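**Student:**
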Amino acid sequence: MEYNFSEIEKKWQQKWIADKTYQVTENKAKEKFYVLNMFPYPSGAGLHVGHPLGYIASDIYARYKRLQGFNVLNPMGYDAYGLPAEQYAIQTGQHPAITTAANIKRYREQLDKIGFSFDWQREVRTCEPSYYKWTQWAFQKMFGSYYDNAEGKALPIEKLATYLSEYGTQGLNVAQSEELKLSAAEWNAMNEREQQQVLMNYRIAYLGETMVNWCAELGTVLANDEVVDGLSVRGGYPVVQKKMRQWCLRVSAYAQRLLDGLDQIDWTESLKETQRNWIGRSEGAEVEFKVKDSDIRFTIFTTRADTMFGVTFAVLAPESEYVQSVTTAEQRAEVNEYLAQTKKRTERERISDRRVTGVFTGSYAINPLTNKPIPIWISDYVLAGYGTGAIMAVPAHDSRDYAFAKHFNLPIIPLIEGADISEQSYDAKEGIVMNSPASPNSSEIGEIHPEKGLVLNGLTVKEAIAKTKAYVTEHRLGRVKVNYRLRDAIFSRQRYWGEPFPVYYKDGMPYMIPEDKLPLELPEITDYKPTATGEPPLGNAVKWAWDTVNETVVDKSFIDEKTIFALELNTMPGFAGSSAYYLRYMDPHNQHALVGREADEYWRNVDLYVGGTEHATGHLIYSRFWNKFLFDCGVSCMDEPFHKLVNQGMIQGRSNFVYRVISSTPNEKPIFVSSGLKDKYDVTPIHVDVNIVHNDVLDIEAFRNWRPEFKDAEFILEEGRYLCGWAIEKMSKSMFNVVNPDTIVNQYGADTLRLYEMFLGPVEQSKPWDTNGIDGCHRFLKKLWALFYDRSGAFLPTDGEPTAEQLKSVHKLIKKVTQDIENFSYNTSISAFMICVNELAQSKCRNRSLLSDVIVLIAPFAPHIAEELWAALGHTDSVCDAHWPVYDEQYLVESQMQLTISFNGKARFQMQFATDVDEESIKQAVINDEKSRKYIEGNAVVKVIVVPKRIVNVVLKPQK
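Heads up: the sequence shown runs through residues 1 to 960, numbered per the UniProt record's numbering.
Written out as structure tokens, the structure is:
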């Protein structure tokens with residue numbers, strides 16, 4: 001009986017739905033295991049074969065853990081808000097909800113065909129009010145909280161207000177936007193609006209002035225990864241840096257906890273290091289510099305206060321509030337021109353770009369340790385959001401300062417008199433190890449002298465830094481401080497298709513709509529572009545005002561600033577809905593809480609999270625922050641949301657090319673020459689749709705129908721075929737190398753697709769898609785099928801006794817696959833399956849028990865064929881509910897060994913020996929074996945060398 005994958009897969013997919021095979025509930029009698037894939041955004045293009053890679057990898061693990069007896073949660077949903085749907089709405093007038101629903105339907109159809117064990121009754125969509133109600137609720141909680149550094153957690157803002165009323169800001173140790181000094185009397189004398197303004201300085205969700213990537217054409221703020229070379233990724237429109245009042249989340253308050261938490265989780269060291277660098281903890285000192293002939297003072301942050309004697313200039317970020325005040329009239333035009341250029345570059349581009357640019361302000365600052373004037377410059381390699389937005393430049397001991405100084409011919413002063421920069425010693429971890437500017441024989445070893453500088457002889461770098469920081473503090477030149485590179489998250493987007501803020505404005509200050517009135521639903525609008533006056537698209541909504549008396553949304557015409565107020569026009573960014581979705585999956589139908597206590601305490605956190613490395617500094621930072629905040633609020637019972645993280649690699653496209661012969665005659669029929677003959681002609685390579693190419697052989701008729709201009713094309717063939725060229729490139733529509741998984745499923749089956757995606761290489765590595773190799777996986781499944789059915793359809797398994805070799809083959813497979821799944825080495829598992837099935841086929845294994853074990857082992861990889869054969873073996877339950885087999889070491893003990901027999905170093909044949917046979921017996925057996933005679937005849941045996949468990953070499957010498 002033939003293996004009919006199409007009928008089998010449809011049958012079991014329908015049965016899984018009917019039997020609710022993958023639905024899961026809390027079961028305290030079983031240990032839980034939570035598997036999660038990163039939220040997909042449902043694009044209109046649907047899935048290509050690269051998308052399911054991570055889903056298949058996690059699905060294998062989820063099925064494996066279920067077979068081990070775990071209660072496995074494996075949900076799926078959609079990150080359904082986003083700019084693509086909104087842009088399509090602008091172009092076509094179609095509501096984003098309609099296109100999003102259509103895209104989700106397409107995704108679901110494709111996912112179902114691949115046979116995932118997702119619990120679809122837990123599906124969430126971020127665009128549904130029942131979901132984003134809890135995003136709005138979390139935002140309100142953040143607005144109503146501040147971060148207490150002493151307590152190390154978020155606390156209700158009311159507690160801070162009480163403290164201010166009793167003590168003012170005295171002794172206050174909290175996260176804040178700026179340091180305020182306020183007495184209790186001053187606080188108590190304030191009106192409501194003034195107090196709200198003060199509290200905004202401390203709230204975890206707050207309104208603040210911040211630099212953003214503004215795209216006027218799209219009418220919205222863009223994230224750094226949505227901008228390349230000053231243009232929006234979507235549409236290619238100009239993007240500039242602009243200061244705007246935006247909702248922000250005080251992620252920076254959690255910086256140290258985000259760092260500390262990395263030691264508690266099972267992530268790769270490279271990913272942890274990426275997050276450590278992004279968070280960027282540095283200990284140093286804030287030092288005040290006075291502008292010469294002025295009352296202006298600005299603060300710099302430095303981790304190396306001991307290098308202040310080598311400062312030769314200061315640099316301000318282009319966005320610094322001091323730029324305009326320190327720029328002289330003579331330099332004003334040049335500075336303004338430079339600022340205009342800088343606005344076109346994102347912070348990410350400024351960090352990565354090593355080009356040197358800058359402009360002199362015309363002013364000088366006074367070095368507080370040397371009292372010498374230094375020029376103040378502006379450069380985009382200094383960022384406003386890191387430190388204080390101003391740096392002291394020590395070009396002898398910093399590569400970017402050095403490049404800047406060389407470019408603008410500024411002084412470079414090593415910290416030893418007369419020494420070249422090459423004479424300074426350097427430590428990779430500690431930074432530059434300075435020598436003393438004073439005499440090496442100075443008696444004041446380790447002292448700070450304003451005239452001589454810092455004498456470092458005998459001090460380590462850490463000791464020198466500590467001594468300098470102490471000096472700075474003692475002389476009130478600044479203060480010791482810990483700084484973080486991590487920025488607060490900008491949380492506003494000037495878009496329509498996003499979560500509405502549950503906020504109305506009274507007297508210019510934001511207020512939250514009552515919690516029991518959530519969700520505040522996105523209103524209907526007819527125009528998805530910004531308003532004529534530049535307001536976000538929600539400005540086009542007619543019914544978009546809040547009635548505080550009736551607690552409902554009303555028409556904007558009723559706004560009276562007494563009881564009816566304007567609602568927020570911005571919406572939340574994409575990461576809002578994806579920051580806590582893993583918690584909602586635990587309890588998706590709870591109408592009273594984001595997640596109920598019972599569900600949260602059972603599922604706790606994600607045991608295995610699978611997704612791409614591109615989210616290392618975005619989603620993974622924000623979701624960890626969001627979870628820690630909810631942990632502080634008692635909503636999440638775990639401080640870290642994702643215990644183990646696996647980053648799947650990318651599947652690259654295998655592009656194909658046809659070669660068109662270049663002709664000087666216009667309108668001539670196109671001629672294409674096969675790849676092996678192309679060097680004989682002058683040709684142009686053209687990308688061709690890989691779906692009309694099989695094993696690099698072009699389907700000529702399909703090619704003629706592919707493009708009208710090729711309808712009458714002629715072909716120069718080799719051996720009757722047209723062979724295409726190929727290259728490995730990014731999978732892209734423009735390169736015609738996108739492979740639709742539906743095509744593979746229709747041609748080979750979902751189980752073949754699942755096996756092949758894992759067989760391509762290690763899960764974590766990127767690898768090229770090559771349809772040429774998929775036949776091997778399909779043939780393997782046919783061989784597996786042939787262990788159960790012969791061609792006539794007879795069922796082969798029996799209850800007969802297995803041989804020792806058959807037991808060894810299967811138990812070796814159990815051990816190998818178990819270890820490989822734990823290590824995500826799925827590609828080597830599949831190789832082991834192929835070897836085992838070949839061995840069982842050669843030995844004509846019919847043992848029902850051993851074959852049952854093989855089916856359970858293959859079930860996570862190829863669930864459809866596994867279900868079919870499991871049922872054929874007489875089981876009435878799903879193979880999902882079987883028990884993972886355990887290998888027995890006794891069957892793995894080697895009683896025989898196979899040795900290669902060589903004569904004068906040339907391998908001729910192999911022989912089997914008992915593992916306990918002695919060396920002399922091996923030698924005698926080889927010499928006396930009948931197969932050895934033709935090699936020994938006419939030669940003298942000089943000696944026989946036995947390499948244990950590997951080879952026997954017979955050294956021969958011709959007889960005279």
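Just so it is clear, CB atoms sit at the ideal spot from N, CA and C, and this is done for glycine as well. Note that this is a predicted model, so its numbers are computed, not measured.
Only counting runs of 3 or more residues, tell me where the beta strand (DSSP E) segments fall wholly within the stretch 201-227, in order along the chain.
**Tutor:** Complete beta strand (DSSP E) runs here, min 3: 205-215 and 220-222.
**Student:** Does the structure place the stretch 836-846 close enough to the stretch 913-932 that three or more beta carbon pairs sit under 8 Å?
**Tutor:** Touching, no.
**Student:** Distance check for Gln136 and Asp420, CA to CA, integer angstroms please.
**Tutor:** Counting from one through the sequence shown, the residue named residue 420 turns up at place 420. Counting from one through the sequence shown, the residue named residue 136 turns up at place 136. Here Asp420 scores only 38 on pLDDT, less than 50, and its place in the model is too uncertain to base an answer on.
**Student:** Comparing C-alpha positions only, which one of Val886, Ala862 and Leu851 sits nearest to His875?
**Tutor:** Residue mapping note: residue 875 aligns to position 875 of the sequence shown, counting from 1. Closest option to His875, Cα to Cα, is Leu851.
**Student:** Near Ala872, what residues of its chain come up, given a Cβ to Cβ distance below 7 Å and the 5 sequence neighbours on each side ignored?
**Tutor:** By 1-based counting over the sequence shown, the position of residue 872 is 872. Here the set comprises Phe788 and Phe795.
**Student:** Would you list the residues sitting across from Thr798 in a DSSP beta bridge?
**Tutor:** The count along the sequence shown starts at 1 and reaches residue 798 at position 798. Answer by DSSP bridge pairing, in chain order: Asn847.
**Student:** Under 8 Å, do Ala713 and Phe672 count as touching if we go by C-beta distance?
**Tutor:** To locate residue 713, count along the sequence shown from 1; it is residue 713. To locate residue 672, count along the sequence shown from 1; it is residue 672. In this structure, Phe672 lies closer than 8 Å to Ala713 by Cβ.
**Student:** Pro502 by DSSP, collapsed to three states: which one?
**Tutor:** Locating residue 502 in the sequence shown gives position 502, where the first residue counts as 1. Note: Pro502 maps to coil in three-state DSSP.
**Student:** With DSSP as the reference, please indicate the residues paired to Trp546 in a beta bridge.
**Tutor:** Here residue 546 is taken as the residue at index 546 of the sequence shown, counted from 1. According to DSSP, Trp546 bridges with Val553 and Phe565.
**Student:** Do the CB positions of Phe491 and Ile204 come within less than 8 Å of each other?
**Tutor:** Along the sequence shown, one-based indexing puts residue 491 at 491. Along the sequence shown, one-based indexing puts residue 204 at 204. Cβ atoms of Phe491 and Ile204: not closer than 8 Å.
**Student:** Going by alpha carbons, who is nearest to Asp751 out of Asp790, Phe780 and Ser732?
**Tutor:** The residue given as residue 751 occupies position 751 in the sequence shown. Closest option to Asp751, Cα to Cα, is Phe780.
**Student:** Considering only C-alpha positions, which residue in the set Lys678, Leu83, Val944 and Met731 is nearest to residue 1004?
**Tutor:** Missing from the structure shown is residue 1004; the chain here goes from 1 to 960 and no further.
**Student:** Evaluate Pro437 with the Cβ neighbour count: other Cβ atoms within 10 Å of its Cβ, from every protein chain shown; 16 or more gives buried, anything less gives exposed.
**Tutor:** Walking along the sequence shown from the start, residue 437 turns up at place 437. Caution is warranted here: a pLDDT of 40 is assigned to Pro437, below 50, making its placement in the model unreliable, and no coordinate value can be reported.
**Student:** Let me see if you follow: with CB-CB separation under 8 Å, is Ile513 close to chain C or not?
**Tutor:** Checking the listed chains, one finds no chain C in this structure; it contains a single protein chain.
**Student:** For Lys406, list the residues DSSP reports as bridge partners.
**Tutor:** Translated into the one-based positions of the sequence shown, residue 406 becomes position 406. In DSSP, Lys406 forms no bridge with anything.
**Student:** Given Asn627, which residues of its chain have a CB within under 6 Å of its CB, disregarding the five upstream and five downstream residues?
**Tutor:** On the sequence shown, position 627 is the one that residue 627 refers to. Closer than 6 Å at Cβ, skipping near neighbours: Ser636 and Pro641.
**Student:** Ordered along the chain, which non-local residues of its own chain (more than five positions away) have a Cβ less than 6 Å from that of Lys949?
**Tutor:** For the purposes of this step, residue 949 is taken as the residue at position 949 of the sequence shown. Cβ within range, chain order: Met897.
**Student:** Roughly how many angstroms lie between the CA atoms of Arg234 and Phe575, to the nearest whole one?
**Tutor:** Along the sequence shown, read from residue 1 onward, the residue named residue 234 stands at position 234. Along the sequence shown, read from residue 1 onward, the residue named residue 575 stands at position 575. Approximately 18 Å between the Cα atoms of the pair.
**Student:** Residue ranges of each alpha helix (DSSP H) run of no fewer than 4 residues wholly in the stretch 922-946, ordered along the chain?
**Tutor:** Runs of the alpha helix (DSSP H) inside the stretch 922-946: 933-936.
**Student:** In angstroms, rounded to a whole number, what distance separates the CA positions of Tyr511 and Lys113?
**Tutor:** Walking along the sequence shown from the start, residue 511 turns up at place 511. Walking along the sequence shown from the start, residue 113 turns up at place 113. Each residue's Cα considered, the two are about 48 Å apart.
**Student:** Is it buried or exposed, Gln121, if we count other Cβ atoms within 10 angstroms and call 16 or more buried?
**Tutor:** Taking the first residue of the sequence shown as position 1, residue 121 is located at position 121. By the 10 Å Cβ count, Gln121 comes out exposed.
**Student:** Check Asn37 in the structure and name its three-state DSSP category.
**Tutor:** Locating residue 37 in the sequence shown gives position 37, where the first residue counts as 1. Reduced to three states, the DSSP call for Asn37 is strand.
**Student:** If we ignore side chains and look at the alpha-carbon of each, how far apart do Lys372 and His475 end up?
**Tutor:** Mapped onto the sequence shown, residue 372 falls at position 372. Mapped onto the sequence shown, residue 475 falls at position 475. Their backbone Cα atoms lie some 17 Å apart in a straight line.
**Student:** Across which residues does DSSP place Val291 in a beta bridge pair?
**Tutor:** Counting from one through the sequence shown, the residue named residue 291 turns up at place 291. BP columns for Val291 point to Ala365.
**Student:** Tell me which residue opens and which closes the alpha helix (DSSP H) that Gly389 is part of.
**Tutor:** Locating residue 389 in the sequence shown gives position 389, where the first residue counts as 1. Counting along the chain, Gly389 falls outside any alpha helix (DSSP H), and DSSP gives it neither H nor E.
**Student:** Unbroken beta strand (DSSP E) runs of length 3 or more, entirely within the stretch 604-658: which are they?
**Tutor:** For the stretch 604-658, whole beta strand (DSSP E) runs of length 3 or above, ordered along the chain, are 606-611 and 642-647.
**Student:** Suppose the cutoff is 8 Å on Cβ atoms and the five residues either side in sequence are ignored; what does the same chain contact list for Phe861 look like?
**Tutor:** Position 861 of the sequence shown holds residue 861. Excluding positions up to five away in sequence, the list reads Ile60, Asp751, Arg754, Leu755, Met758, Tyr826, Ser829, Ile830 and Phe833.
**Student:** How big is the Cα-Cα spacing for Val942 and Gln912?
**Tutor:** Locating residue 942 in the sequence shown gives position 942, counting from the first residue. Locating residue 912 in the sequence shown gives position 912, counting from the first residue. Cα-Cα distance, rounded: 23 Å.
**Student:** Assuming Pro537 and Tyr496 make a contact with CB atoms under 8 Å, what is their CB distance in whole Å?
**Tutor:** Counting from one through the sequence shown, the residue named residue 537 turns up at place 537. Counting from one through the sequence shown, the residue named residue 496 turns up at place 496. Contact flag correct, Cβ pair sits at about 4 Å.
**Student:** Which term fits Gly50, buried or exposed, when burial requires 16 or more other beta carbons within 10 angstroms of its beta carbon?
**Tutor:** On the sequence shown, position 50 is the one that residue 50 refers to. When all chains shown are included, Gly50 counts as buried.
**Student:** Taking only three categories from DSSP, how would you classify Tyr131?
**Tutor:** By 1-based counting over the sequence shown, the position of residue 131 is 131. It is helical.
**Student:** With DSSP collapsed to three states, give me the class of Met509.
**Tutor:** Against the sequence shown, residue 509 aligns to sequence position 509. DSSP places Met509 in strand when its eight states are reduced to three.
**Student:** Can you tell me which of the three DSSP states Asp820 falls into?
**Tutor:** Numbered from its first residue, the sequence shown carries residue 820 at position 820. Here Asp820 sits in helix by DSSP.
**Student:** Given a cut-off of 8 Å on the beta-carbon distance, is the pair Glu515 and Leu569 in contact?
**Tutor:** By 1-based counting over the sequence shown, the position of residue 515 is 515. By 1-based counting over the sequence shown, the position of residue 569 is 569. Against a cut-off of 8 Å, the Cβ pair of Leu569 and Glu515 comes out as no contact.
**Student:** When you compare the CB positions of Ala393 and Val482, do they come within less than 8 Å of one another, or not?
**Tutor:** Within the sequence shown, numbered from 1, the residue matching residue 393 stands at position 393. Within the sequence shown, numbered from 1, the residue matching residue 482 stands at position 482. Their beta carbons are not under 8 Å apart, which means Ala393 does not touch Val482 by this criterion.
**Student:** What number of angstroms, rounded off, separates the C-alpha of Ser363 from the C-alpha of Ala333?
**Tutor:** Position 363 of the sequence shown holds residue 363. Position 333 of the sequence shown holds residue 333. Between Ser363 and Ala333, the C-alpha separation is close to 15 Å.
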